[in-house]
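Our numbering applies: residue 19 is where the sequence shown begins, and numbers increase by one. Here the structure comes first, spelled out in structure tokens, and everything after it is commentary.
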Amino acid sequence: MIRRAFIQELGGGRMEPEMRDVLGGLQERGIPAELFTAKRLERRQLPLDRETLVAGDVPSVLGALAQLGLEPPPTNDYPRSLELFLHRRLWTSTVRSLVAGIEDSSSPPVFAKPRGRKKRFTGHVFGTQEDLLYLQRASLNTPILCSEVVRWLSEYRVFVIRGRIVGIRHYAGDKAIRVDEAEVERAVRAVEAAGEGTAAYGVDFGVLETGQTALVEWNDGFALGSYGLDRSLYTELTLTRWEELMAATGVVLS
19 MIRRAFIQEL GGGRMEPEMR DVLGGLQERG IPAELFTAKR LERRQLPLDR ETLVAGDVPS
79 VLGALAQLGL EPPPTNDYPR SLELFLHRRL WTSTVRSLVA GIEDSSSPPV FAKPRGRKKR
139 FTGHVFGTQE DLLYLQRASL NTPILCSEVV RWLSEYRVFV IRGRIVGIRH YAGDKAIRVD
199 EAEVERAVRA VEAAGEGTAA YGVDFGVLET GQTALVEWND GFALGSYGLD RSLYTELTLT
259 RWEELMAATG VVLS
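Set out below in structure tokens:
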């Protein structure tokens with residue numbers, strides 16, 4: 019059970035909208051919360067235990083888990099149970115192979131993004147020599163995820179708490195083009211049946227130019243962008259995932 023919380027601020031009282039929502043949501047629940055900066059966390063100035071929520075960006079949450087002696091949860095952008103919902107070919111590769119393909123002018127453009135938590139570059143469509151500039155921070159051995167290039171007409175984030183869809187929020191493309199919610203519900207049931215979900219998560223779906231509702235990617239429920247989800251629901255999602263992370267430790271923390 020969460021008895022208090024540390025909420026990340028950017029300094030000078032500035033906060034991301036999600037953190038402001040969590041702060042308000044915790045106040046409504048009567049859970050005391052204190053603001054912190056990334057620097058304070060890095061200096062180990064926060065008294066952390068498994069009854070204390072840490073809400074912030076990905077580096078801060080992972081840093082808090084490390085201070086609690088916990089491994090970061092594995093990434094799973096494309097669960098096996100959702101492969102049927104991709105509607106495009108997906109494969110693993112390396113920056114080396116990607117560069118070789120770009121230098122071979124006969125190769126078609128490819129969408130690529132880093133595999134795992136170390137984001138050496140942002141997901142991008144690679145098709146010309148100019149695109150190699152996006153890879154300046156990545157070594158040739160960096161593992162990547164690749165997919166065929168598709169055109170998204172609209173994209174939405176689906177928020178799930180304990181297997182139940184609690185909200186769907188638009189974040190890109192034409193808002194008038196809605197995802198097929200029956201298809202989304204079928205996908206969420208598939209994730210839950212396979213045991214590939216977490217207690218709380220977001221899964222992004224979009225509409226392709228073919229009209230198909232397709233998986234964009236799955237997202238863990240900590241440090242998740244809310245895109246304007248009701249703050250009480252976002253707070254519940256954040257608390258639910260953090261409590262699951264703490265319960266999985268089996269370690270009594272002081």
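Each residue gets a CB set at the ideal place from its N, CA and C atoms; glycine is no exception. Just so you know, these numbers come straight off a predicted model, no measurement behind them.
Please identify the residue among the options whose C-alpha is closest to the C-alpha of residue i.
i	options	result
P132	D149, N237, T112 and S125	T112
P97	L263, A212 and R155	A212
I195	G43, E173 and V117	E173
Y219	V206, E227, Q230 and G229	V206
Q230	R249, A241, V197 and W260	V197
L150	I120, Y252 and G87	I120
T258	L104, F144 and T216	T216
V79	L100, F54, S99 and D95	F54
A208	R182, K193, T228 and E36	R182
N159	I179, K136 and I49	K136
E203	F240, T228 and V176	V176
So for residue i, helix, strand or coil by DSSP?
i	result
D39	helix
S172	strand
R182	strand
D149	helix
A82	helix
T110	strand
R187	strand
G119	helix
G268	Per-residue confidence for G268 stands at a pLDDT of 45, beneath the threshold of 50, marking its modelled position as unreliable; the derived number appears in the next sentence. Three-state result, G268: coil.
R68	coil
F124	A small correction: the amino acid at residue 124 is Ser; Phe does not occupy that position in the sequence shown. If DSSP states are grouped into helix, strand and coil, S124 belongs with coil.
R244	According to the sequence shown, residue 244 is Ser rather than Arg. It is coil, neither helix nor strand.
V225	strand
A23	strand
S165	strand
E235	strand
V143	strand
L53	strand
Return the Cβ separation of residue i and residue j in integer angstroms, given the expectation that the two are a contact with Cβ distance under 8 Å.
i	j	result
R22	T70	5 Å
L102	A82	Actually they do not touch by this definition, with Cβ atoms about 36 Å apart.
L116	I162	6 Å
Y252	Y189	14 Å between Cβ atoms; not a contact.
G243	W170	Contact flag wrong, Cβ pair sits at about 17 Å.
F129	S165	5 Å
G42	R249	6 Å
R62	Q26	With 8 Å as the limit, R62 and Q26 do not qualify as a contact, their Cβ atoms being about 15 Å apart.
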